[in-house]
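Report on the following structure.
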Amino acid sequence: MDSIVLAGLGGVVGAVLGYVLGGLGRRWTIVIVTAAAGALLAPVFGTQVSETGITTQPQRDIGAEVDAMFAENEMLLALATVDPDAQQRMRERAISAFETDGAARAEQVIYEEAFVLGQTAVLVYGPRATDAALLNLQRTLLDVARGLITEPEHCYALLYSGVAPQNISTQQAMAAGRHPSYARMQEALVALVMAAGPDVVEHDRDRATLGIGEMQGYVFNTYDEDRLRYFSGYQPQNDAEYAQACDAMADLLEYQLNHEYAADMVRAGLSAG
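Under our numbering, the sequence shown has 143 at position 143, and the numbering climbs by one with no breaks.
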């Protein structure tokens, strides 16, 4: 199940980006940060489900496996503090789905719950975390995505789960989440939770607005139609297009991270969510 959970962090990433391109730049960072958290969580759960043979063991105790996953995974323990009922809810839904519709549906339910947990954790802890922890999560996401550019479908699943979720199957998300580099994102997400204080950290709204406006200008002045189409839901048709889509998103992430007002921009997106 480790793979399903990891797929959720990429989902957090995509959420805000769509708003930037639609002219609602104040929310763009929520996509980039929260889509990633959801995508990160999803594969973690999915891999464990698949690797333990859910399809060939009709009597498997899915509830016990969910419990074990929470007990053994540091990231889940950290994230679950934001939603104490997450484990029980996931357990009950997975058991019901397995008994009623079989393994595939149980896996999908776990993915859905993991994705939401990852997003919720970032939205709750992100505004209270340090600038360094917030930017480290995005920097780690960018580094991992760049490392996956030679495996473009995996990279796409990570970066576009929030922008174009209809283009990514649970199986694709879990496959991406099995990549060894995802462990770095788990560490960054746990660090974000650990760096969260009791109060929301205020940001400079004027600087955030300026930075987001400049980012929008960069997108529309730099990207051609081939690159922009991926942000509006176009489904890549081959490895070359998957790679182009990933490069476009990674370039946008890098622009934001290198901006002098990066932290304010991220916080503006989170507060708008």
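For glycine and all other residues, C-beta sits at the position ideal for the given N, C-alpha and C.
Bear in mind that the values here come from a model prediction, so they are computed numbers and not experimental data.
Check: How long is the line joining the alpha carbons of Tyr230 and Asp131, rounded to whole angstroms?
Finding: Here residue 230 refers to the residue found at position 230 when the sequence shown is read from its first residue. Here residue 131 refers to the residue found at position 131 when the sequence shown is read from its first residue. Answer to the nearest angstrom: the Cα atoms are 29 Å apart.
Note to self: Checking 8 Å against the spacing of the C-beta atoms, do Ala188 and Met265 come in under that value?
What the structure shows: The sequence position of residue 188 within the sequence shown is 188, counting from 1. The sequence position of residue 265 within the sequence shown is 265, counting from 1. Contact: no.
Check: Should the stretch 213 to 228 be called in touch with the stretch 133 to 140, which here means at least 3 C-beta pairs below 8 Å?
Finding: no
Next item on the list: Would you mind sorting Thr120 into buried or exposed? The rule is 16 or more other CB atoms within 10 Å of its CB.
Entry: Position 120 of the sequence shown, counting from 1, holds the residue named residue 120. Classification of Thr120: buried, given that the 10 Å Cβ count is 16 or more.
Notebook entry, point to check: How is Ile30 classed by DSSP in three states: helix, strand or coil?
Noted result: In the sequence shown, the residue the question calls residue 30 occupies position 30. Confidence at Ile30 is low in this model, with a pLDDT of 43, below 50, so its placement is unreliable and no value can be given for it.
Notebook entry, point to check: Does the beta-carbon of Met194 have 16 or more other beta-carbons within 10 angstroms, so that it is buried, or is it exposed?
Noted result: For the purposes of this step, residue 194 is identified with residue 194 of the sequence shown, where counting begins at 1. With fewer than 16 other Cβ atoms within 10 Å, it is exposed.
Notebook entry, point to check: So is Ala64 buried or exposed if we call it buried at 16+ other beta carbons inside 10 Å?
Noted result: Counted from its first residue, the sequence shown places residue 64 at position 64. The residue is exposed, with fewer than 16 neighbouring Cβ atoms inside 10 Å.
Check: Roughly how many angstroms separate the alpha carbons of Gln285 and Pro165, rounded to a whole number?
Finding: For residue 285 there is no data in the structure shown, the boundaries of the chain being 1 and 273.
Next item on the list: Please report how far the alpha carbon of Gly147 lies from the alpha carbon of Ser181, in whole angstroms.
Entry: One-based indexing of the sequence shown puts residue 147 at position 147. One-based indexing of the sequence shown puts residue 181 at position 181. Rounded to the nearest angstrom, the two C-alpha atoms are 8 Å apart.
Margin query: For the pair the stretch 73 to 92 and the stretch 110 to 130, tell me if three or more CB-CB distances fall below 8 Å.
Written below: yes
Item checked: N-terminal and C-terminal residue of the alpha helix (DSSP H) that Thr222 is part of -> For the purposes of this step, residue 222 is taken as residue 222 along the sequence shown, with counting starting at 1. Arg205 to Thr222 is the extent of the alpha helix (DSSP H) around Thr222.
Checklist line | Sequence-distant residues of its chain with Cβ nearer than 7 Å to Tyr125 (five each side left out) | finding: Translated into positions along the sequence shown, residue 125 becomes position 125. Only Val82, Leu192, Val193 and Ala196 meet the Cβ criterion.
Notebook entry, point to check: Distance, Cα to Cα, Arg26 vs Met75?
Noted result: Position 26 of the sequence shown, counted from the start, is the residue given in the question as residue 26. Position 75 of the sequence shown, counted from the start, is the residue given in the question as residue 75. Bear in mind that a pLDDT of 37 at Arg26, under 50, signals an unreliable position, so the number given afterwards is only what the model happens to contain. Going from the Cα of Arg26 to the Cα of Met75 covers about 29 Å.
Checklist line | Straight-line Cα distance separating Tyr234 from Ala175 | finding: Counting from 1 along the sequence shown, the entry for residue 175 is found at position 175. Counting from 1 along the sequence shown, the entry for residue 234 is found at position 234. Rounded to the nearest angstrom, the two C-alpha atoms are 21 Å apart.
Check: Do the stretch 248 to 267 and the stretch 198 to 214 make contact, defined as three or more Cβ pairs closer than 8 Å?
Finding: yes
Notebook entry, point to check: So what does DSSP say about Gly147, is it helix, strand or coil?
Noted result: Mapped onto the sequence shown, residue 147 falls at position 147. Reduced to three states, the DSSP call for Gly147 is helix.
Item checked: Per-residue DSSP class, three states only, for Arg227 -> On the sequence shown, position 227 is the one that residue 227 refers to. The answer is helix: DSSP assigns Arg227 an H, G or I state.
Check: Taking buried to mean at least 16 other C-beta atoms within 10 Å of its own C-beta, is Glu72 buried or exposed?
Finding: The count along the sequence shown starts at 1 and reaches residue 72 at position 72. Classification of Glu72: exposed, given that the 10 Å Cβ count is below 16.
Next item on the list: Have a look at Ser232, Leu252 and Arg227 and flag the residue whose alpha-carbon is nearest the alpha-carbon of Ala240.
Entry: Numbered from 1 along the sequence shown, position 240 holds the residue referred to as residue 240. When each option's Cα is compared against that of Ala240, the closest is Arg227.
Item checked: Contacts around Glu254, its chain only, beta-carbon distance under 8 Å, and the 5 residues preceding and following it disregarded -> For this step, residue 254 is matched to residue 254 along the sequence shown. Counting only Cβ-Cβ distances below 8 Å, and skipping sequence neighbours, we find Leu142.
Margin query: I need the DSSP call for Tyr234, collapsed to helix, strand or coil.
Written below: Position 234 of the sequence shown holds residue 234. Coil.
Next item on the list: Mind checking which residues open and close the alpha helix (DSSP H) that includes Thr100?
Entry: Taking the sequence shown and counting its residues from 1, one reaches residue 100 at position 100. Ala86 to Asp101 is the span of the alpha helix (DSSP H), which, as asked, contains Thr100.
Checklist line | Terminal residues of the alpha helix (DSSP H) in which Gly63 lies | finding: Working through the sequence shown from its first residue, we reach residue 63 at position 63. From DSSP, the alpha helix (DSSP H) with Gly63 extends over Ile62 to Glu72.
Checklist line | Selection from Ala97, Leu270, Phe98 and Phe70 that minimises the alpha carbon distance to Gln87 | finding: The residue you call residue 87 lines up with position 87 of the sequence shown. Cα-wise, what sits closest to Gln87 is Phe70.
Notebook entry, point to check: Helix, strand or coil: which one does DSSP assign to Gly110?
Noted result: Along the sequence shown, one-based indexing puts residue 110 at 110. Residue identity check: residue 110 is Ile in the sequence provided, not Gly. Ile110 falls in the helix class under three-state DSSP.
Margin query: Please classify Glu107 as buried or exposed, where buried requires at least 16 other C-beta atoms within 10 Å of its C-beta.
Written below: To locate residue 107, count along the sequence shown from 1; it is residue 107. Classification of Glu107: buried, given that the 10 Å Cβ count is 16 or more.
Note to self: Looking only at its chain, what residues have a beta carbon closer than 7 Å to the beta carbon of His179, apart from the 5 residues adjacent to it on each side?
What the structure shows: On the sequence shown, residue 179 is found 179 positions in, with the first residue counted as 1. Excluding sequence neighbours, His179 sits near Leu148 and His154.
Checklist line | Span of the alpha helix (DSSP H), counted from its first residue to its last, around Glu153 | finding: Residue numbering aside, residue 153 sits at position 153 when the sequence shown is read from its first letter. Its alpha helix (DSSP H) spans residues Pro152 to Leu159.
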